[in-house]
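From first to last, the protein sequence lines are chains A and B. In this text, residue positions in the first sequence follow the working numbering: the first is 1, and each later residue adds one. In this text, residue positions in the second sequence follow the working numbering: the first is 1001, and each later residue adds one. Input: a single structure, listed below in structure tokens.
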Amino acid sequence: MANALDPHAAIATVATGETDGTLRTADGKPLARALARSQTRARRRAFLLVLPLLAFIMLTFVVPIGQMLQRSFYNDGFSAHMPQLSQWFADHPRGTDPDDAAWAALAADLSAAAEARTIGIVGTRINYDVPGTRSLFTSTGRKARGGIEPPYREALLEMNDDWASPRLWSAMREASTPLTTNFYLASLDRTRNDAGEIVQVQERQRVYVMLFMRTFWLSLLITALTFILGFPIAHLLATLPMRRSNLLMILVLLPFWTSLLVRTTSWMVLLQQQGVINDILVWLGLIGNGQRLQMIYNQTGTIIAMTHILLPFMILPLYSVMRTINPSYVRAARSLGATSWTAFRRVYFPQTLPGLGAGALLVFILAVGYYITPALVGGSSGQLISNMIAMHMTDTLNWSMAAALASLLLAAVLILYWLYDRLVGIDNLKLG
Amino acid sequence: MKRLLVLSTALTCFAVAASAQEVNVVSWGGAYEKSQVEAYNKPFTEETGITVNMIAADDPATPLKAQVEAGNVTGDVFDLAMADAIRLCDEGALMEFDPATLNPGADGSPAEEDFVDGSVTDCAVGNIVWGTAIGFDTTKFPDGAPATAADFFDVQKFPGKRGLPKSPKRTLYLALIADGVPAADVYDVLSTPEGVDRAFAKLDTIKNDVVWWEAGAQPMQLLADGEVSMTTAYNGRLFDAMVGEGKPFGVIWDAQYLEINAFVIPKDAPHPEEALKYVNFATDTQRLADQAKYIAYGPARVSSAGLVGLYQDGKTEMAPHMPTSEDAMKTAVIDDPEFWADRDAELSERFNSWLAGN
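What follows is the structure in structure tokens.
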């Protein structure tokens, strides 16, 4: 019996000598189409097998992250709850002074929003751009619940003369469409002035750009430190006899399995001014009691604790690569007259690069997003950008700002990943 | 076997459905949650038969906002800081109460008069009043203990590091008071750019001596380890360390920062009736007074104050440890939720920028 899946069917057809130029199966269908159909069926079956995982990832990962990132450029807090004024802004180009129709629309929207208890959402949205205006909306809303009598401009200015502020009107115009770049501008320490031009914020308000730079710089430094500390250990692990290397491996893995918080707090116990290390130094007489070193609650503390916590992520990929390097290569190099340094540099080290690349990428990407350790031991100079994202998520509840900062961080990491791929090649990566 | 499994599963589901009389309360965890379980939940379940599920959060405002945004509200009652309660109320996320339906005070006075000023709003019913006060290690100052906010900023006379929370809200007021601003004028001064500059200038004088803390447990650890000699801390935690654990700490009530916590019910709560019953029950005079037996936070009702008795050890009089005691109230700064709803983001940015600069 020949069917579409039977590999002999096609051959049998050729053998019968039907020659119109195309190969056919035994039942006369063109071979190419039959093959394509059977492959589609196989692909569909394979797709059904991965469907649960795909659905799981979409539902729990891609969609929530997408929704979160959407907040960074989409915020309808103002436009959805102030429809009439938003319409007026749409009808009148920038530079138009608010006329009677604008004031009437503002008054009507304010009363409606106050009735619907959405005035807080509107105020919060404008407050992001013009600090101090949230209460302007809520307090006016309280007075406006029963409706506002014309003339509207005078009535509103009577309630609060801040309503005339050009900066406020400029901000309301910005917010009258849900799409906005303001959160990205704010994430780069930029803002818009009364005329709508992009300018830097006052110097004493600037914080994000500096924190981005610091985050990348510290992550690089920590990656370098884990390399310097981890490389010899990985080498030792890979070359020692099995029994002793297993023992050493446990020493690497034990902290890896210990809770992050426990490790961070142990560093506090060790490093603080009244801590173990300072006590020993004082006891040895190396420093006086009054000159105890400040090793924690600053950048030093963040670097020490994060290097220790991320060290296994460097050691393990390096180790797995080093295990596979044949020791006879180095021996051959030595026997051909290379010094031990040359043999290491020209023969051994290049072979460890896939592990080094994987370790460095892992450590760097983890360090860029690190949050709890800098929060606990970072003091003022060891804060990273993730601490600002957390602040906007939990304290100020400005999720749009948190999303904008997170998007920038994500974009920066992707760019670095792309650069890494261009320079080193992502195929050269060996994770374990 | 399989049939047995199916049957028992079905029965369990049925049992869960039958005991639908429940209410989900999201609170702050730790000793505070424990005090609520003892003082509110146990007698509530006993009286009404409604099961109370306690859910702990770092700050219940965060899950509340997340649940409202996602359109999937699972909590019935949330314990929030008043500033967040007012803010979320203005955003239309919360159910509105009629204060007249709350239990009257023990002396029969209507609830609106019985509650401390500012602790009952359209959507929120206050439960506790709590303070951020200065705690110090008595062993570090044998020649005379510090007594004022100004002493906190005087590292010459009172040596040692200082602990402060990493937030503008709970640091700027202290700097202003230490700089000579009367407690009542703090917000007037802070509303002006010069006032903010003045507060940061004062903070500059001790910037190098400050250890910044974030979680409520940290200042007590810093003080116990000798890492700082003075720190601000939540007064309940200070009390716990002083009386509960017998640590040699002292408390300075001068310039304490008073805040109110309140119960709110989100608009789409799954069990609104039970939630309302719970809030009403938990905020009556006796329950609020009972809570003080387990934690040193002041009841939000005036009529509860007289009923506050002994700590659970059976010998410590709680009244003098209350942040609402007459002594503690003299120079207290009372939180202004409106001010912080307006200025928190702006001042946080400035504060973080100031922190990061060296």
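Ideal Cβ placement from N, Cα and C applies to all residues, glycine included.
Which of helix, strand or coil does DSSP assign to residue i?
i, result
"G120 (chain A)", "helix"
"D194 (chain A)", "coil"
"L423 (chain A)", "helix"
"I1134 (chain B)", "strand"
"V1026 (chain B)", "strand"
"M82 (chain A)", "coil"
"V321 (chain A)", "helix"
"A12 (chain A)", "A caution first: A12 (chain A) carries a pLDDT of 49, below 50, which makes its placement in the model unreliable, though a value can still be read off. Three-state result, A12 (chain A): helix."
"F73 (chain A)", "coil"
"M391 (chain A)", "helix"
"M1001 (chain B)", "Confidence at M1001 (chain B) is low in this model, with a pLDDT of 48, below 50, so the placement of that residue is unreliable and no value is reported for it."
"L397 (chain A)", "coil"
"D1342 (chain B)", "helix"
"A2 (chain A)", "Low per-residue confidence applies at A2 (chain A): pLDDT is 44, beneath 50, and the placement is therefore not dependable enough to give any value."
"L1011 (chain B)", "In this prediction, L1011 (chain B) has a pLDDT of 49, which is less than 50 and means its spatial position is unreliable; nothing more can be read from the coordinates."
"F1351 (chain B)", "helix"
"E174 (chain A)", "helix"
"D1209 (chain B)", "helix"
"A412 (chain A)", "helix"
"R439 (chain A)", "What the structure shows of chain A is the stretch from 1 to 432, and residue 439 (chain A) is not part of that stretch, so it cannot be assessed."
So residue i contacts chain A; which residues on that side make the cut at Cβ distance below 7 Å?
i, result
"E1214 (chain B)", "A375"
"G1180 (chain B)", "Correct list: empty, because the minimum Cβ distance to chain A is about 23 Å."
"G1226 (chain B)", "Q274"
"E1349 (chain B)", "Q205 and V207"
"R1087 (chain B)", "G120"
"K1140 (chain B)", "What K1140 (chain B) touches in chain A: nothing, since even the nearest Cβ is about 11 Å away."
"E1338 (chain B)", "S135"
Would residue i and residue j be called neighbours here (beta carbons separated by less than 8 Å)?
i, j, result
"D1187 (chain B)", "D1336 (chain B)", "A small fix is needed here, since residue 1187 (chain B) is Tyr in this sequence, not Asp. Against a cut-off of 8 Å, the Cβ pair of D1336 (chain B) and Y1187 (chain B) comes out as a contact."
"V363 (chain A)", "I198 (chain A)", "no"
"G1135 (chain B)", "L1223 (chain B)", "yes"
"T177 (chain A)", "L185 (chain A)", "no"
"I1206 (chain B)", "F1158 (chain B)", "no"
"F89 (chain A)", "L179 (chain A)", "no"
"N1024 (chain B)", "T1062 (chain B)", "no"
"N456 (chain A)", "A1345 (chain B)", "The question about residue 456 (chain A) has no answer, for chain A in this structure spans 1 to 432."
"L260 (chain A)", "I372 (chain A)", "yes"
"V436 (chain A)", "G77 (chain A)", "Chain A is shown from 1 up to 432; residue 436 (chain A) falls before or after that span and cannot be answered."
"I304 (chain A)", "G230 (chain A)", "no"
"N160 (chain A)", "S139 (chain A)", "yes"
"A1147 (chain B)", "T1138 (chain B)", "no"
"R1237 (chain B)", "F1115 (chain B)", "no"
"V321 (chain A)", "T352 (chain A)", "yes"
Alpha carbons only, please: which of the options is nearest the one belonging to residue i?
i, options, result
"G189 (chain A)", "A:M401, A:T324 and A:M58", "Looking at the sequence itself, residue 189 (chain A) is Asp, so the reference to Gly does not match. For D189 (chain A), the nearest C-alpha among the options comes from A:M401."
"T396 (chain A)", "B:G1357, B:E1349, B:Q1312 and B:P1193", "B:E1349"
"N1261 (chain B)", "B:L1310, B:M1082, B:L1355 and B:A1296", "B:M1082"
"A1150 (chain B)", "B:K1202, B:V1196 and B:D1143", "B:K1202"
"S969 (chain B)", "B:D1313, B:M1318 and B:G1314", "For chain B, the structure presents residues 1001 to 1358; residue 969 (chain B) sits outside this window and is missing."
"A1093 (chain B)", "A:P83, A:R117 and A:R345", "A:R117"
"A433 (chain A)", "B:T1101, B:I1128 and B:E1091", "Outside the shown range of chain A (1 to 432) lies residue 433 (chain A), about which nothing can therefore be said."
"H81 (chain A)", "A:G301, A:G141, A:R44 and A:V424", "A:G141"
"T1331 (chain B)", "B:D1290, B:Y1257, B:H1321 and B:F1263", "B:Y1257"
"F205 (chain A)", "B:F1351, B:G1030 and B:T1045", "Rather than Phe, the amino acid found at residue 205 (chain A) in this sequence is Gln. Checked all of B:F1351, B:G1030 and B:T1045; the closest Cα to Q205 (chain A) is B:F1351."
"P251 (chain A)", "A:T265, A:L236 and A:T264", "Here residue 251 (chain A) is Leu; the residue named in the question, Pro, does not match the sequence. It is A:L236 whose Cα lies nearest to the Cα of L251 (chain A)."
"I1295 (chain B)", "B:D1254, B:V1333 and B:V1129", "B:V1129"
"K1140 (chain B)", "B:V1279, B:G1216, B:P1248 and B:E1338", "B:P1248"
"A144 (chain A)", "A:L361, A:S111, A:P166 and A:I119", "A:S111"
"L156 (chain A)", "A:E115, A:D109 and A:G132", "A:D109"
Cβ closer than 8 Å: which chain B residues qualify as neighbours of residue i?
i, result
"A116 (chain A)", "G1092"
"G132 (chain A)", "D1342, R1343 and E1346"
"I119 (chain A)", "D1090"
"M388 (chain A)", "N1352"
Which chain B residues sit within Cβ distance under 7 Å of residue i?
i, result
"S380 (chain A)", "W1212, L1355 and A1356"
Strictly below 9 Å CB to CB, what residues from chain A border residue i?
i, result
"R1170 (chain B)", "By Cβ distance, chain A contributes nothing, its closest Cβ being about 12 Å from R1170 (chain B), past 9 Å."
"D1059 (chain B)", "T394 and D395"
Going along chain B in order, which residues have a C-beta closer than 9 Å to the C-beta of residue i?
i, result
"G288 (chain A)", "Per Cβ cutoff of 9 Å: no residues; G288 (chain A) is ~15 Å from chain B at best."
Near-chain B residues of the stretch 136-169 of chain A (beta-carbon distance less than 7 Å), N- to C-terminal order: Taken in chain order, the members of the stretch 136-169 of chain A whose beta-carbon sits within less than 7 Å of a beta-carbon on chain B are T138.
Proximal residues, the stretch 392-419 of chain A versus chain B, C-beta separation under 9 Å: Here the close residues are H392, M393, T394, D395, T396, L397, N398, W399 and M401.
Chain B contacts from the stretch 286-311 of chain A (Cβ-Cβ distance under 8 Å): Within the stretch 286-311 of chain A, the residues whose Cβ lies closer than 8 Å to some Cβ of chain B are Y297, listed in chain order.
Chain B contacts made by the stretch 204-234 of chain A, where a contact means CB separation under 9 Å: Within the stretch 204-234 of chain A, the qualifying residues are R204, Q205, R206, V207, Y208, M210, L211 and R214.
Short-range partners of chain B found in the stretch 171-199 of chain A, where Cβ spacing is below 7 Å: Here the close residues number zero.
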